[in-house]
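First comes the structure, then the notes that go with it.
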Amino acid sequence: MTTALRHYLQFKDFTRDEYEHLFARTRWIKNKFKRYEPYHPMFDRTLVMIFEKASTRTRLSFEAGMHQLGGSAIYLNTRDSQLGRGEPVEDAAQVISRMSDLVMIRTFEQEVIERFAANSRVPVINGLTNEYHPCQILADIYTFIEHRGSIQGKTVAWVGDSNNVCNTWLQAAEVLDFNVHVSTPPGYEVEPERAGLYGTDHFEQYADPLDACKGADLVTTDVWTSMGFEAENEERCKAFADWCVDAEMMAVAAPEAVFMHCLPAHRGEEVTAEVIDGPQSVVWDEAENRLHVQKALMEYLVFGKRDHE
Ligand code: CP
Ligand code: NVA
23 MTTALRHYLQ FKDFTRDEYE HLFARTRWIK NKFKRYEPYH PMFDRTLVMI FEKASTRTRL
83 SFEAGMHQLG GSAIYLNTRD SQLGRGEPVE DAAQVISRMS DLVMIRTFEQ EVIERFAANS
143 RVPVINGLTN EYHPCQILAD IYTFIEHRGS IQGKTVAWVG DSNNVCNTWL QAAEVLDFNV
203 HVSTPPGYEV EPERAGLYGT DHFEQYADPL DACKGADLVT TDVWTSMGFE AENEERCKAF
263 ADWCVDAEMM AVAAPEAVFM HCLPAHRGEE VTAEVIDGPQ SVVWDEAENR LHVQKALMEY
323 LVFGKRDHE
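Residues in the sequence shown are numbered from 23 upward in steps of one, following the working numbering.
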């Protein structure tokens, strides 16, 4: 069966219906995996993973996921391939996509992944860019659903930098109809255009992080300095000092609120050890779910909608 070529470059590339399918499919794939039942739809298929930035979770979850689905994964980075030596991204896309069935890219500007996708014969997945991290929020929302049910109408508090992960939460709120309360230090506010938002109906900005957390169903944060912004680290550490998720913030959130962090985390900076290692934290389930949601995503991009067997 052939399906129309689709890419997953940002969260809004998929509709709500498609997310409902992906979440149902993730549950099925995860349950099968937990029962040690083999499921090998990707037999003879190859995933190429291109990393221009460091990674633990993304590499591991895509590589292990592809193997578990019966396929192979090839890791490329810019240090020891021609990608770091000025070959046009369009040429690389032509060649790589003639030898593989799926491509995952972690890079700097979103524009790079868009140019790659425009020249690719196979689906391209965003494994993090400066602007977005859609696979992370796919896992986060699946994790919320597992713990608390539907996210529709719920409130997510984002405390910290308005970075790639924050932008993706904001897009997800528009697609899946929930609200995001964002609190950033002055000068680091959300830029709706860069976040790729249709409007401002699904988010509110708060000067005080405590106000953003009031009544929230999910409190989340991320590093103060993302990859690629290391030169700003010292300045950011000063600016973000009061944007550390602590017990006081969790206490004003809803009593059943969960805490998430995409990881890697810096205890004592964006979150206290008490919170990330505390009873409301679901960070390990969140990390594990990268594996399961991405298996459903890869299956969907290669085969389209499949019914549970
Ligand atoms: N959360 C996440 O994407 O982690 P890595 O940078 O380790 O891939
Ligand atoms: N915002 C972080 C996420 C890392 C998974 C970064 O881009 O470095």
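Glycine included, every Cβ here is placed at the ideal spot set by N, Cα and C.
For residue i, verify whether its CB is less than 6 angstroms away from any heavy atom of ligand 2.
{"i": "Cys-157", "result": "no"}
{"i": "Asn-185", "result": "yes"}
{"i": "Asp-162", "result": "no"}
{"i": "Asp-199", "result": "no"}
{"i": "Asp-244", "result": "yes"}
{"i": "Met-64", "result": "no"}
To the nearest angstrom, how far is the alpha carbon of residue i from that of residue j?
{"i": "Gly-290", "j": "Cys-266", "result": "7 angstroms"}
{"i": "Ile-398", "j": "Phe-281", "result": "Absent from the model: residue 398. The displayed extent of the chain is 23 to 331, so no value can be given."}
{"i": "Thr-242", "j": "Leu-98", "result": "31 angstroms"}
{"i": "Ala-276", "j": "Leu-240", "result": "8 angstroms"}
{"i": "Val-293", "j": "His-169", "result": "21 angstroms"}
{"i": "Leu-198", "j": "Ala-309", "result": "21 angstroms"}
{"i": "Glu-215", "j": "Arg-28", "result": "23 angstroms"}
{"i": "Cys-235", "j": "Arg-107", "result": "46 angstroms"}
{"i": "Asp-123", "j": "Thr-129", "result": "20 angstroms"}
{"i": "Gly-300", "j": "Ser-172", "result": "23 angstroms"}
{"i": "Tyr-210", "j": "His-314", "result": "33 angstroms"}
{"i": "Glu-131", "j": "Ala-139", "result": "13 angstroms"}
{"i": "Ala-217", "j": "Ile-135", "result": "16 angstroms"}
{"i": "Gln-16", "j": "Gln-302", "result": "Since the first residue shown for the chain is 23 and the last is 331, residue 16 is missing from the structure and cannot be characterised."}
Please check the pair residue i and residue j, which I expect to be a contact at CB under 8 angstroms, by giving their CB distance rounded to whole angstroms.
{"i": "Ser-248", "j": "Asn-185", "result": "5 angstroms"}
{"i": "Val-178", "j": "Ala-238", "result": "7 angstroms"}
{"i": "Phe-55", "j": "Gly-92", "result": "The Cβ separation is near 12 angstroms, so there is no contact."}
When you measure from the CB of residue i to every non-hydrogen atom of ligand 1, does any distance come out below 6 angstroms?
{"i": "Cys-188", "result": "no"}
{"i": "Met-285", "result": "For clarity, residue 285 is Leu in the given sequence; the question names Met instead. Leu-285: yes, Cβ under 6 angstroms from ligand 1."}
{"i": "Thr-78", "result": "yes"}
Using a Cβ-Cβ distance cut-off of 7 angstroms, determine whether residue i contacts chain B.
{"i": "Pro-214", "result": "No chain B is present in this structure, which holds just one protein chain."}
Exercise for review: Go through the segment 44-129 residue by residue and report every complete run of the alpha helix (DSSP H) that reaches 4 residues or more, in order.
Suggested key: 79-90, 111-120
Review point. Is the segment 102-118 close to the segment 81-88, with three or more CB pairs under 8 angstroms?
Key: no
Check your understanding: Is the segment 311-331 close to the segment 39-55, with three or more CB pairs under 8 angstroms?
Key -> yes
Exercise for review: Return the chain-ordered ranges of every alpha helix (DSSP H) run that is complete within the segment 201-256 and spans a minimum of 4 residues.
Suggested key: 214-217, 231-235
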